[in-house]
Amino acid sequence: NEVEMGETMTGVINKLIADSEYQKQFENAFEEGGVNAENFLKALSQFMVMMISSNSKYDKFVRNEEGGELTEVEAYGLTVFQQKCATCHATDLFTDGSFRNNGLPPNPQLNDVGRAEVSGSVHDNYKFKVPSLRNVALTAPYMHDGRFGSLESVLNFYANGVVDSETLDDSLRTDDGLGIALNNEEKEGLLAFFELLTDETFINDERFSEY
Numbered sequence: 004n005e006v007e008m009g010e011t012m013t014g015v016i017n018k019l020i021a022d023s024e025y026q027k028q029f030e031n032a033f034e035e036g037g038v039n040a041e042n043f044l045k046a047l048s049q050f051m052v053m054m055i056s057s058n059s060k061y062d063k064f065v066r067n068e069e070g071g072e073l074t075e076v077e078a079y080g081l082t083v084f085q086q087k088c089a090t091c092h093a094t095d096l097f098t099d100g101s102f103r104n105n106g107l108p109p110n111p112q113l114n115d116v117g118r119a120e121v122s123g124s125v126h127d128n129y130k131f132k133v134p135s136l137r138n139v140a141l142t143a144p145y146m147h148d149g150r151f152g153s154l155e156s157v158l159n160f161y162a163n164g165v166v167d168s169e170t171l172d173d174s175l176r177t178d179d180g181l182g183i184a185l186n187n188e189e190k191e192g193l194l195a196f197f198e199l200l201t202d203e204t205f206i207n208d209e210r211f212s213e214y
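Numbering-wise (our numbering), the sequence shown opens with residue 4 and increments by one.
Pasting the structure below:
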């Protein structure tokens, strides 16, 4: 994606060809073709399917394994999450894979209309793909434009900062107003729950390290 990555496929391939080490690795991995777009995509896709995070404390809890015992605040956070967040952050991936408008105030300097930029439909204005929450405690900044530096700020936004628009997700409209009603105790529980999703085995896997 030229917009997202600031590069073309041709440019990427030329950079790889110019690197003798990458040339050797491609020759060792593929019987024919060496460095080309097809082999590049095969290598990249194979690498990506290796990146499976499934050994967090939460996973151990679900599998009833040693090390998966939840504290009182963690268990409370799980309950709050299931009640107030799991509509969008569903399944074991903690995303339903959908595109939704979460009520984030638009940045007029960016004019970022989200999925509508691709679909051309006004019904997709300000809709962005629901991200996974696995290892979310380690992935600041947050939101599609990185405007929030902490998970506390994210929760405060959902509690008090959601902005209405025609495409706002229905799950954020309630009889009491917009957003997700969260008191301080619920926020504390959610923050503890988010920590449960950190997979140290995955994070420290040397196969995914550049150095």
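Note that the Cβ used here is the ideal one computed from N, Cα and C, for glycine as well. Keep in mind the model is a prediction, meaning the values are calculated, not measured.
Residue i burial status per 10 Å Cβ neighbour count (16 or more: buried)
| i | result |
| --- | --- |
| glycine 182 | buried |
| aspartate 173 | exposed |
| glutamate 189 | buried |
| aspartate 178 | exposed |
| valine 125 | exposed |
| lysine 18 | exposed |
Coarse secondary structure for residue i, derived from DSSP in three states
| i | result |
| --- | --- |
| glycine 100 | coil |
| glycine 80 | helix |
| phenylalanine 160 | helix |
| leucine 107 | coil |
| arginine 176 | strand |
| phenylalanine 197 | helix |
| leucine 73 | coil |
| phenylalanine 151 | strand |
| tyrosine 129 | coil |
Nearest neighbour of residue i, chosen from the options [CA to CA]
| i | options | result |
| --- | --- | --- |
| leucine 194 | Phe84, Thr204, Ala89 and Ala46 | Phe84 |
| alanine 162 | Asn187, Val139, Asp172 and Asp115 | Asn187 |
| leucine 185 | Glu24, Val165 and Asp202 | Val165 |
| alanine 140 | Lys132, Phe151, Ser168 and Phe131 | Phe151 |
| serine 135 | Thr201, Tyr25 and Glu77 | Thr201 |
| arginine 66 | Phe33, Asp95, Gly149 and Asn110 | Asp95 |
| tyrosine 79 | Ser212, Ala93 and Phe197 | Phe197 |
Straight-line Cα distance separating residue j from residue i
| i | j | result |
| --- | --- | --- |
| glycine 70 | leucine 154 | 24 Å |
| isoleucine 55 | phenylalanine 205 | 7 Å |
| arginine 118 | leucine 175 | 19 Å |
| arginine 210 | methionine 51 | 11 Å |
| glycine 14 | glycine 106 | 37 Å |
| alanine 40 | lysine 60 | 39 Å |
| asparagine 110 | glycine 149 | 12 Å |
Residues of its chain near residue i, where Cβ-Cβ distance is below 8 Å and the 5 sequence neighbours each way are ignored
| i | result |
| --- | --- |
| alanine 21 | none |
| lysine 63 | Glu69, Gly70 and Gly71 |
Proximal residues to residue i (C-beta, below 6 Å), its chain only, five neighbours per side dropped
| i | result |
| --- | --- |
| tyrosine 145 | Phe151 and Val157 |
| phenylalanine 131 | Gly117 and His147 |
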